[in-house]
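Chains H and W supply the protein sequences, listed in that same order.
The working numbering applies: residue 1293 is where the first sequence begins, and numbers increase by one.
The working numbering applies: residue 116 is where the second sequence begins, and numbers increase by one.
All C-beta atoms in this analysis are idealised placements derived from N, C-alpha and C, irrespective of residue type, glycine included.
Contents: one structure, followed by commentary.
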Amino acid sequence: MAIRQISVFVENKPGRLAEITGYLAEGNVSIRAFSIADTTDFGILRLIVSDTEKAAQVLRDAGVAVSITEVVGVSIPDVTGAFANVVKILADAGENVEYAYAFLTPEAGHAYVIVRVDDSAKAANILRENNIELIDEVAALG
Amino acid sequence: MFFQKDAETMPRAKIREIQLERLRYTVRYCYENVPFYKKKLDDAGVTPDSIKTLDDIRRIPPTTKADLRDNYPFGLFAVPMKNIVRIHASSGTTGKPTVVGYTAHDLDMWSDCMARLCAAAGATADDIVQISFGYGMFTGALGLHYGLEKLGCAVVPNSSGNTEKALMYMRDFKTTALVATPSYALYMAETAKKLEYPMSDYHLRLGLFGSEGCTPEMRTQIETAWGLFATDNYGMSELMGPGVSGECEERCGLHINEDYFLAEIVDPNTLEVLGEGETGEVLITTLTKEGIPLLRYRTRDISRITYEPCKCGRTFARMDKIKGRSDDMLKIRGVNVFPSQIESVLVGMQDVSPHYQLIVRREGFADTLEIRVELSDISLLESYGKIEELQNRIRHNMHTVLGIQCKVSIVEPNTIERFVGKAKRVVDLRNQTEEKS
C-alpha cells in the first residue's frame, strides 16, 4: 500500500531545479506529484514519479543525491473537513506528520494527499480502520 | 625516563644563560663563516657584539626556506667540505630540495637530541624498535636510528615498503616499538588485520610517530589498533631533522631541546614576537650547529609555547602539537583560523564528508566565514529538521574549536572540488567584489 517517494537535495542556485527535472525528462520519467520547500541555502524536492527506480537511477548517474522513502497516500473526498479528519486520526494515534502535500487526481470529487509520518505501516492501518481510503502506487501513478 | 637528566632538568635561569652564551657564539659564527649571514646582518645593522641579551635576537631578520633554495646546494654551509660527514636533503616537493650538511659534532648532538626524546617518550635499552620511515635523503629514519642506538635500543632498520615483511619481523622479533608516520602505522594495522595472524602475535607497546600531523582521533585509532602508547616528535631537515622537540609520557606538549634550539613564536604577518601561550609561527635558531647554522628560521609551523614546569620533571619549554601551517592561516575578525582545525571537526562527524570549502567575505567592516560542507548521510533528506540540526551541530562545534561564529552551508555530495596534491580550500573574497549568484 505504501508509495515510494524520492527526495532530492537542491542547492539554491539558479537553474539547479531545471537541471534536475531535466534529467527526469531525459529519462522519460513522468512526475505525478511534487513538493518543494526551501531554506536560504537549499531545498528538498520531493517527488512521486511514474518509475521510481528509473528516476533514482538517472538522478544518481547525474551525480544528484537521492533518497527513497515510503510515504502514505490517502484519497479524500473533496468536502470541507476531510483533510482535518485524516490529520486528527493520525494525531490521536500519536503519529507525527512531518510534511504532506496534495496533488491532482484523475478521480473527480477527490483529492490525493501524500503524508509523511514516522511509521507508515502503522499510520496506514489506523487510517484504514477509520475508513479512510488509501491509494497505492498503481492508483497514484495511474 | 631520562637520557641526560642534568641537562633536561636544568633550572630555567641556567637554560637562559646557556642559550644566551650559545646565541652570541652562533651569531658570530654565522657572521664570520657564512657570507649570506654576514650580508644579512650587515644590512640589518647587527654586529655580533651587539647581541647582549636573548631579546636582542629580535633585531636579526628571519631566515626562510627560500634562502636555502637560493643558496642550493651548499651556499649556507659554514664549514669546508672536509668537515662535513653527512648530507641530507628535504623531499623538494615544493621546488628544489633544501640541502643540509652535518659535521661529526652535529651528528653527535643530533643523536643526543633524539635519544633524549625517545627516552622521554618511554623507550628504553630493552626495546626492539622497528624503523618504518623511508631511509635515504630524508632525515627521519637516520635521525631516529642513531638516537635509538645511542639509547641502547635494538634498532631494526627495515625502512618503509613491503609491509607484510615488516609485519613478519614485528611478529618474529617481538618488536616493542615502532617508528613511522601516523598514516603508515594505521596502514600497517589494517594490513596486519587482513593477515591470518592474531593481533596477539604483535608486541608493540610504544609508537614514536612524526613527520606528519596526527589528529587526536587518528592517534586513538592507532593506539586501539595496536594496543600501544603513541607519542609525537617534531623537527625538520633544515634544522637537523627530527629531534627538535618531542612528547614525554605526560603528553602535554613537546619538550624543546632548548640547549640546542632557541624557539620563538611570532605573528606570521608582522613577525612581531608573541608572548608565552600565544599562538603563532615557530621560529628556531640553532645554537650549536656547525654544518649549517640557521638564525631565526621560519618553520611556517603554527604552535604556542609554555615555560611552565612539566610533571615529568623536565624544565625544557613545551610547544603544542603543530596546529597548522602559517601559509594556510586565515585571520578572521582578528582570530587565527586554520583549515586543519575545521578538518578535525568534520572528521569527527559522520553525517558530512571531510571535504569542505571556506569562503571569507567582508560584510560592512566585519569578516565573515562560511564553511561549505557536503552532506554525506542522504537519509537526512527525509527531514529539514535533521539537516538544520546537523547545521547547528557543526556551527556549535566550529564555534567551540575556532572561537568565532561562522555560517555553515550544507551542499550536495560530490560538488566540492577534490584535490590530488595540496588542497586549495580557501576562497578569500575580502578584497574583491563578489558576483551575486
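Alpha carbon of residue i to alpha carbon of residue j, nearest angstrom
{"i": "Leu-461 (chain W)", "j": "Ser-468 (chain W)", "result": "7 Å"}
{"i": "Lys-551 (chain W)", "j": "Thr-483 (chain W)", "result": "Note that Lys-551 (chain W) scores a pLDDT of 47, beneath 50, so its modelled location is shaky and nothing firm can be said."}
{"i": "Ala-1325 (chain H)", "j": "Asn-1423 (chain H)", "result": "24 Å"}
{"i": "Asn-529 (chain W)", "j": "Glu-489 (chain W)", "result": "7 Å"}
{"i": "Met-513 (chain W)", "j": "Lys-501 (chain W)", "result": "18 Å"}
{"i": "Gly-536 (chain W)", "j": "Ile-417 (chain W)", "result": "The predicted position of Gly-536 (chain W) is uncertain, since its pLDDT is 49 and thus under 50; a value taken from the coordinates is nonetheless stated next. Cα to Cα, Gly-536 (chain W) sits roughly 21 Å from Ile-417 (chain W)."}
{"i": "Glu-504 (chain W)", "j": "Leu-495 (chain W)", "result": "10 Å"}
{"i": "Lys-1380 (chain H)", "j": "Ala-1416 (chain H)", "result": "14 Å"}
{"i": "Leu-263 (chain W)", "j": "Lys-280 (chain W)", "result": "22 Å"}
{"i": "Val-471 (chain W)", "j": "Arg-487 (chain W)", "result": "At residue 471 (chain W) the sequence reads Tyr, which differs from the Val that was named. Roughly 6 Å between the two C-alpha positions."}
{"i": "Glu-485 (chain W)", "j": "Thr-414 (chain W)", "result": "29 Å"}
{"i": "Phe-324 (chain W)", "j": "Met-351 (chain W)", "result": "14 Å"}
{"i": "Ser-455 (chain W)", "j": "Gln-465 (chain W)", "result": "17 Å"}
{"i": "Glu-132 (chain W)", "j": "Tyr-299 (chain W)", "result": "41 Å"}
{"i": "Pro-150 (chain W)", "j": "Asp-221 (chain W)", "result": "21 Å"}
{"i": "Lys-308 (chain W)", "j": "Phe-253 (chain W)", "result": "29 Å"}
{"i": "Glu-1345 (chain H)", "j": "Thr-385 (chain W)", "result": "59 Å"}
{"i": "Phe-344 (chain W)", "j": "Ala-269 (chain W)", "result": "19 Å"}
DSSP-derived helix/strand/coil call for residue i
{"i": "Ser-524 (chain W)", "result": "strand"}
{"i": "Tyr-146 (chain W)", "result": "helix"}
{"i": "Thr-290 (chain W)", "result": "coil"}
{"i": "Asp-1411 (chain H)", "result": "coil"}
{"i": "Glu-1318 (chain H)", "result": "helix"}
{"i": "Thr-335 (chain W)", "result": "helix"}
{"i": "Leu-343 (chain W)", "result": "coil"}
{"i": "Asp-316 (chain W)", "result": "helix"}
{"i": "Asp-1428 (chain H)", "result": "coil"}
{"i": "Ile-130 (chain W)", "result": "helix"}
{"i": "Ile-1312 (chain H)", "result": "helix"}
{"i": "Gly-258 (chain W)", "result": "helix"}
{"i": "Ala-193 (chain W)", "result": "coil"}
{"i": "Ser-274 (chain W)", "result": "coil"}
Extent of the continuous alpha helix (DSSP H) to which residue i belongs
{"i": "Arg-413 (chain W)", "result": "No alpha helix (DSSP H) holds Arg-413 (chain W); the beta strand (DSSP E) holding it covers 412-418."}
{"i": "Pro-297 (chain W)", "result": "297-309"}
{"i": "Asp-121 (chain W)", "result": "120-123"}
{"i": "Lys-1346 (chain H)", "result": "1344-1353"}
Within 9 Å, strictly: CB atoms of residue i and residue j
{"i": "Met-229 (chain W)", "j": "Pro-357 (chain W)", "result": "yes"}
{"i": "Phe-248 (chain W)", "j": "Ala-256 (chain W)", "result": "yes"}
{"i": "Met-303 (chain W)", "j": "Thr-278 (chain W)", "result": "yes"}
{"i": "Leu-369 (chain W)", "j": "Val-381 (chain W)", "result": "no"}
{"i": "Lys-426 (chain W)", "j": "Cys-367 (chain W)", "result": "yes"}
{"i": "Ile-243 (chain W)", "j": "Thr-291 (chain W)", "result": "yes"}
{"i": "Asn-372 (chain W)", "j": "Arg-231 (chain W)", "result": "yes"}
{"i": "Ser-1342 (chain H)", "j": "Ser-1322 (chain H)", "result": "yes"}
{"i": "Pro-383 (chain W)", "j": "Glu-396 (chain W)", "result": "yes"}
{"i": "Val-271 (chain W)", "j": "Tyr-284 (chain W)", "result": "yes"}
{"i": "Val-1407 (chain H)", "j": "Ala-1392 (chain H)", "result": "yes"}
{"i": "Ala-1400 (chain H)", "j": "Phe-1375 (chain H)", "result": "no"}
{"i": "Ala-122 (chain W)", "j": "Glu-405 (chain W)", "result": "no"}
C-beta neighbour in chain H for residue i, strict 9 Å
{"i": "Asn-273 (chain W)", "result": "no"}
{"i": "Asn-529 (chain W)", "result": "yes"}
{"i": "Glu-497 (chain W)", "result": "yes"}
{"i": "Ser-552 (chain W)", "result": "The predicted model places Ser-552 (chain W) with a pLDDT of 44, which falls under 50 and marks its position as unreliable; any figure quoted below should be read in that light. So yes, Ser-552 (chain W) belongs to the interface."}
{"i": "Ile-337 (chain W)", "result": "no"}
{"i": "Tyr-312 (chain W)", "result": "no"}
{"i": "Leu-490 (chain W)", "result": "yes"}
{"i": "Asp-416 (chain W)", "result": "no"}
{"i": "Val-526 (chain W)", "result": "yes"}
{"i": "Ile-457 (chain W)", "result": "no"}
{"i": "Ser-468 (chain W)", "result": "no"}
CB contact below 9 Å: residue i versus chain W
{"i": "Ser-1342 (chain H)", "result": "no"}
{"i": "Ala-1233 (chain H)", "result": "Since the first residue shown for chain H is 1293 and the last is 1434, residue 1233 (chain H) is missing from the structure and cannot be characterised."}
{"i": "Phe-1301 (chain H)", "result": "yes"}
{"i": "Asn-1417 (chain H)", "result": "no"}
{"i": "Ala-1357 (chain H)", "result": "yes"}
{"i": "Ile-1336 (chain H)", "result": "yes"}
{"i": "Glu-1390 (chain H)", "result": "yes"}
{"i": "Asp-1370 (chain H)", "result": "no"}
{"i": "Asn-1333 (chain H)", "result": "Strictly speaking, residue 1333 (chain H) in this sequence is Asp, with Asn absent from that position. Interface residue, yes."}
Any non-hydrogen atom of the ligand COA closer than 8 Å to residue i Cβ
{"i": "Ile-457 (chain W)", "result": "No copy of the ligand COA appears in this structure; indeed no ligand is present at all."}
Beta strand (DSSP E) segment containing residue i, residue limits
{"i": "Val-359 (chain W)", "result": "356-362"}
{"i": "Lys-446 (chain W)", "result": "445-447"}
{"i": "Ser-455 (chain W)", "result": "Where Ser-455 (chain W) is concerned, there is no enclosing beta strand (DSSP E), although the alpha helix (DSSP H) it sits in stretches over 454-462."}
{"i": "Ile-1298 (chain H)", "result": "1295-1303"}
{"i": "Gly-322 (chain W)", "result": "321-325"}
{"i": "Val-1358 (chain H)", "result": "1358-1369"}
{"i": "Arg-1391 (chain H)", "result": "According to the sequence shown, residue 1391 (chain H) is Tyr rather than Arg. Run containing Tyr-1391 (chain H): 1389-1395, per the beta strand (DSSP E) assignment."}
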